[in-house]
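Q:
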Amino acid sequence: MTTVNAKTDLKGLTLPDLERFLQGKGKERFRATQIFKWIFQQDAHSFEEMTNISKALRLELAETAFISNLEPEAVEEGSDGTRKYLFNLGDGNGVESVLIPIEGRNTLCISSQAGCAMACEFCLTGTFKLTRNLTTAEIVNQIMAVKRDLLKNPPTLPASGGEGREIFDDSDDTDDGLSHSPADIRNIVMMGMGEPLHNLDNVIPAIKIMIDGNGLQLSNRRVTVSTCGLVPEMERLGRELPNVNLAVSLNATTDELRDRIMPVNRKYPIRELLRACKAFPLPGRRKVTFEYVMLGGLNDTLEDAKRLLRLISDIPNKVNLIPFNEHEGCDFKAPTRAAVDAFHKYLIDRNVTVITRDSRGGDISAACGQLKGKLRKG
Ligand code: SAH
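Residue 571 is where the sequence shown starts when you use our numbering, and the numbers rise one by one after that.
1) To the nearest angstrom, report how far apart residue 913 and residue 875 are at their CA atoms.
2) Does the distance from the CB of residue 623 to the CB of residue 580 come in under 8 Å?
3) Can you pull the DSSP bridge partners for residue 579?
4) According to DSSP, what are the bridge partners of residue 892?
5) Along the chain, where does the beta strand (DSSP E) that runs through residue 684 open and close?
6) Taking Cβ to Cβ, would you say residue 759 is nearer than 8 Å to residue 677?
7) Leaving out five residues before and five after residue 918 in sequence, what residues of the same chain have Cβ atoms less than 6 Å from its Cβ?
8) Starting from residue 833, follow the alpha helix (DSSP H) in both directions and report where the run begins and ends.
9) Is residue 761 near ligand 1, going by C-beta to nearest heavy atom under 7 Å?
10) Residue 711 lies in the alpha helix (DSSP H); which residues open and close that run?
11) Please confirm whether residue 654 and residue 936 have their CB atoms less than 8 Å apart.
12) Unbroken alpha helix (DSSP H) runs of length 4 or more, entirely within the stretch 616 to 696: which are they?
13) Expressed to the nearest angstrom, what Euclidean distance is found between the alpha-carbon atoms of residue 824 and residue 840?
14) Would residue 718 and residue 757 be called neighbours here (beta carbons separated by less than 8 Å)?
15) Could you check if residue 621 belongs to the surroundings of ligand 1, using beta carbon to heavy atom distance under 7 Å?
16) I'd like the list of long-range same chain contacts for residue 812, defined as Cβ closer than 6 Å, with 5 residues on each side in sequence excluded.
17) Which residue comes first and which comes last in the beta strand (DSSP E) that contains residue 816?
18) Name, in chain order, the residues that DSSP records as bridge partners for residue 858.
19) Taking buried to mean at least 16 other C-beta atoms within 10 Å of its own C-beta, is residue 660 buried or exposed?
20) Just grab the DSSP bridge partners of residue 702 for me.
21) Can you name, in chain order, every residue of its own chain whose Cβ lies under 7 Å from the Cβ of residue 834, other than the five neighbours on each side?
22) Need the endpoints of the alpha helix (DSSP H) that residue 603 sits in, please.
Next comes the structure, spelled out in structure tokens:
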């Protein structure tokens, strides 16, 4: 819970947290639901707006609490409709979120940390080290700010994206019966800056707010947490939020290579990581998504595809192939189109669900691994 000048930021409280906060002031429990809805459904920025709350309580709240907010410092739109939002956190840190509209169904990729401590060799965010964890409010505020922007500037529907639509959607997903406007956010993926499992104390309450029926009302089937493989934290996530989707950035099929490109592997090698994936409590027919960044000449052969298949075959799986996005100061190379196609085909032919991610947002540096959250100077 964030307090500034001893005031509590209500944006960072789950509904049970808010109930406790109000109970501490001797208030009735149902008030919490009312206030929670004002904050997350009506996007109230102040207590004055809460017209079904008595004036006395509004004044009392304003003395002890506040509602934080984020406004993007910059919004860039790519030729494919992808939008990148840069948020200034007010303390010299910046983070980015990326909106990917696909046939009117919006996926939002959000950040969980300013910088990252995991130091994966191919990742731009990793070169900035970890500055700090985002608060629960800062995680949720990215979504709320983008929603506000979507209401003002709905995306013009981009051309059908072929298989693109399924990039983040569950392939055997049925519609949830809710109506979808171009301003709705349908999927949240925690694949922006940072390692979400390195900030679970704030990520877990943020997800609870996202999936609360009185909060952001997202379906838990449409929230995906992506990790480089922090095994004990995967176990905690499974215990505390067993219904969210898990994505694991595997990226290599031997410990030798994974040790080199992802230092986390030296602590939790592939065997342990896969054991944790197998133990993760996924409901029903859901699958673990294995992300695999293809690095030209390093992990992109059919031998790699074969080993990958062997590694994941006893876990309900699907595979996201991500051709490496080159960035300055990094010597890795993008794979050839032929290598990507052959790798993809090898897996498809063996009945694996595979999506190869296109470089959406590439022209605005919003593609995977390109986020840097750099604030403009002056
Ligand atoms: N820390 C989390 C989420 C952030 S990274 C994780 O590791 O999963 C999101 C995805 O982008 C990861 O699969 C990562 O391997 C991939 N990625 C990082 N840099 C990349 C780059 N330059 N090109 C392509 N994908 C990259």
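Positions of the beta carbon are idealized from the N, C-alpha and C atoms, including for glycine. Just so we're clear, the structure is a prediction, and the values are computed from it rather than from any experiment.
A: Taking the geometry as given:
1) C-alpha separation (whole angstroms): 6 Å.
2) no
3) According to DSSP, residue 579 bridges with 636.
4) 863
5) 683 to 685
6) yes
7) Sequence-distant partners of residue 918 (beyond 5 residues in either direction) whose C-beta falls short of 6 Å from its own C-beta, in its chain, are 924.
8) Note, residue 833: premise wrong, no alpha helix (DSSP H); not H, not E.
9) For residue 761, the shortest C-beta to heavy atom distance toward ligand 1 is below 7 Å.
10) 706 to 722
11) yes
12) 625 to 634
13) 8 Å
14) no
15) no
16) Result list for residue 812: 851, in chain order.
17) First-last of the beta strand (DSSP E) with residue 816: 815 to 819.
18) 887
19) exposed
20) 684
21) Taking C-beta separations shorter than 7 Å and ignoring five residues to either side along the sequence, the partners of residue 834 in its chain run 688, 798, 799 and 800, following chain order.
22) Per DSSP, the continuous alpha helix (DSSP H) segment holding residue 603 begins and ends at 599 to 610.
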